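Asks: So the sequence shown is numbered by our numbering: it starts at -15 and just counts up by one.
Note that CB positions come from ideal geometry on N, CA and C, so glycine has one too.
Just so we're clear, the structure is a prediction, and the values are computed from it rather than from any experiment.
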Amino acid sequence: MSDDPTSVAQTLSLLTQAQAASVDTRVRILHPDCDDERVQVEV
């Protein structure tokens, strides 16, 4: 996936609209450096 913020935002928006990815997955896409504990805090 691109590191371009606009591209990431568009991808996340499309995944959300299509209900094609869980919140957990979307958080991991938005914050790829977060560990499992931090992802759970965000979820």
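#1: One question on the structure: do L14 and L(-4) come within less than 8 Å of each other, judged by their Cβ atoms?
#2: Look at the alpha carbon of V11 and the alpha carbon of A2, and state the distance between them as a whole number of angstroms.
#3: Find the nearest neighbour of P(-11) within the set P16, Q24, V23, judged by alpha-carbon distance.
Replies: So, to answer that:
#1: Yes.
#2: 16 Å
#3: P16
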